[in-house]
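Just below is one structure, and these are the notes that go with it.
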DNA sequence: AAAAACAAACCAATCGGTCTGTTTTTGCAA
DNA sequence: TTGCAAAAACAGACCGATTGGTTTGTTTTT
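Residue numbers (this note's numbering), protein chains in the order written: chain Z, 307 to 525; chain A, 307 to 525.
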């Protein structure tokens, strides 16, 4: 029929060992993130993760020495992906609007929405909170993730910190950024726990309006 | 010697059964909160809780049908205590300052610090985050705690919502309150995870200053 | 004496991790 | 190219430890 391969055995593409490694690690990491989102840190057991990945225990053991290493690898993969996305956001916001084109409020609102969508919604948000809370009481996990967390925060700050400057006697740019991040984080936790959207969009819009009165485009 | 009791057996005060019930529930609930703070939701095993409480498994079973009920009872006790404290804060801030005495910024800063101290520090903060995150993936726990969470938020809002009103075209009082709560929450999570204080006090002060420009004392 | 409060042994289920054995890929010799 | 042994990749049974929960029996209050 449609079997050009000489063997009639179950069709299994021949993959190089390097390809296998990449595939397997990717599948395991994705399953780990899915499991963390679905069941939380305490629900993400090896059994659940391996079932989602369709991977045997032995195969897992071949790639990771412990569950901590798998979770840490998954967290690093997700957070490092976020660092790259933060740079994208900076580029998107910087471009698209000719200098002085749109009023600062619109640019700020767009920036806020972009950050919100990519970092404080969906799986990224859920896993972020699970890991952050788990880090509080798990020193080993915290040691592994602390540098990546810090890197993400710095990248996020770089996305907009140097595109605006405080106006008059407004708080320093760094302080405004932290206020913004904390606010988004608290809002995200509210929505993660309570479920649906609780009018967060309107609130972010108000915050953009307030910010617009406090900053001006950097020269 | 100093044993006025007629029996030479280990001195054990005779307590009424009602007293016993109260004591035992209190001890178990306190131990549960301590365990949640120390080990997180996934580290708060029955074994750890009972060891902290110095209570046998059988005694525990006499009072709670499942671990969920114990955790829920502990959460309710803590959150309901917080609701009462929220009212105290409202009273403290309202009194002490004769009408128009201190400038709005000082009153707001004091309010912010009071709320911060009582709700976003120490065991209360840690347990709050553990439970909130656990609720996301535990429907039974969420069903039990959602009403108490909502009650706390309302009580916290009542503490200051009606003492100020937005100035000019500032956001509605309700929106300013949610912005504030979210900001404090995000800041608290930062400190819970990263450990020490990261300049949060200065940031809260800045926020009070911004708020002062947006609200005025209600008539 | 009855009931409530308490203690501790016990249980099945599940956890992370290891062990042994099989299949697939690879490097090299013929 | 083909043959083939070593190595890597993979599968699943197995293990002790720990989990939440139950059961049986003793002490204290009523």
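All C-beta atoms, glycine included, are put in the ideal place defined by N, C-alpha and C.
Excluding the 5 residues flanking residue i on each side, which residues of the same chain have their C-beta closer than 6 Å to its C-beta?
i, result
"residue 347 of chain Z", "436 and 440"
"residue 381 of chain A", "437 and 451"
"residue 321 of chain Z", "none"
"residue 350 of chain A", "341 and 342"
"residue 466 of chain A", "417"
"residue 493 of chain Z", "506"
"residue 420 of chain Z", "395"
"residue 426 of chain A", "490 and 494"
"residue 448 of chain A", "441"
Run the CB neighbour count on residue i, radius 10 Å, all protein chains shown included, and call it buried at 16 or more, exposed below.
i, result
"residue 432 of chain A", "buried"
"residue 343 of chain A", "buried"
"residue 462 of chain Z", "buried"
"residue 325 of chain Z", "exposed"
"residue 517 of chain Z", "buried"
"residue 327 of chain A", "exposed"
"residue 446 of chain A", "exposed"
"residue 392 of chain Z", "buried"
"residue 341 of chain Z", "buried"
"residue 506 of chain Z", "buried"
"residue 474 of chain A", "exposed"
"residue 477 of chain Z", "buried"
"residue 423 of chain Z", "exposed"
"residue 444 of chain A", "buried"
"residue 390 of chain A", "exposed"
"residue 334 of chain Z", "buried"
"residue 363 of chain Z", "exposed"
"residue 456 of chain A", "exposed"
"residue 397 of chain Z", "exposed"
"residue 367 of chain Z", "exposed"
"residue 378 of chain A", "buried"
"residue 374 of chain A", "exposed"
Counting only Cβ pairs nearer than 7 Å, list the residues of chain Z close to residue i.
i, result
"residue 348 of chain A", "347 and 348"
"residue 499 of chain A", "438, 441 and 442"
"residue 509 of chain A", "481, 484 and 485"
"residue 330 of chain A", "Within chain Z, no residue comes near residue 330 of chain A; the closest Cβ sits about 27 Å away, beyond 7 Å."
Which residues in chain A have a C-beta closer than 8 Å to the C-beta of residue i? List them in chain order.
i, result
"residue 427 of chain Z", "Simply none; closest approach about 14 Å."
"residue 323 of chain Z", "Chain A residues near residue 323 of chain Z: none, gap ~36 Å exceeds 8 Å."
So residue i contacts chain Z; which residues on that side make the cut at Cβ distance below 8 Å?
i, result
"residue 513 of chain A", "485"
Once the 5 residues before and after residue i are set aside, which same chain residues still bring their CB inside 8 Å of it?
i, result
"residue 489 of chain A", "513"
"residue 524 of chain Z", "468, 469, 470 and 471"
"residue 459 of chain Z", "487"
Along chain A, in chain order, which residues have C-beta atoms closer than 7 Å to that of residue i?
i, result
"residue 414 of chain Z", "Those within 7 Å of residue 414 of chain Z in chain A number zero; the least Cβ separation is about 15 Å."
With a threshold of 7 Å on Cβ separation, who are the neighbours of residue i within its own chain once the five nearest residues in sequence on each side are excluded?
i, result
"residue 429 of chain A", "339 and 343"
"residue 527 of chain Z", "Outside the modelled stretch of chain Z, which goes from 307 to 525, sits residue 527 of chain Z, for which no answer is possible."
"residue 386 of chain A", "454"
"residue 503 of chain Z", "497"
"residue 383 of chain Z", "335"
"residue 511 of chain A", "415"
"residue 345 of chain Z", "354"
"residue 522 of chain Z", "410, 470, 471 and 473"
"residue 360 of chain Z", "none"
"residue 376 of chain A", "334, 338 and 370"
"residue 483 of chain A", "463 and 467"
"residue 365 of chain Z", "330"
"residue 515 of chain Z", "411"
CB of residue i to nearest heavy atom of the ligand PLP: below 8 Å?
i, result
"residue 457 of chain Z", "You won't find the ligand PLP in this model; it holds no ligand whatsoever."
Give me the subset of the stretch 430-449 of chain A whose CB atoms are less than 8 Å from a CB atom of chain Z, sorted by chain position.
432, 435, 436, 438, 439, 440, 441, 442, 443, 444 and 448
Secondary structure, alpha helix (DSSP H): runs of 4+ residues fully inside the stretch 342-403 of chain A:
352-359, 363-369 and 373-400
Got a sec: which bits of the stretch 458-492 of chain A sit with their beta carbon under 8 Å from any beta carbon on chain Z, in order along the chain?
477, 481, 484, 485, 487, 488, 489, 490, 491 and 492
Tell me the start and end of each unbroken alpha helix (DSSP H) in the stretch 404-483 of chain Z that is at least 4 residues and wholly inside, in chain order.
Contiguous alpha helix (DSSP H) elements confined to the stretch 404-483 of chain Z occur at 410-425, 428-443 and 445-464, taking only those with 4 or more residues.
Taking a cut of 7 Å between CB atoms, which residues from the stretch 382-396 of chain A lie near chain Z?
Within the stretch 382-396 of chain A, no residue has a Cβ that lies closer than 7 Å to any Cβ of chain Z.
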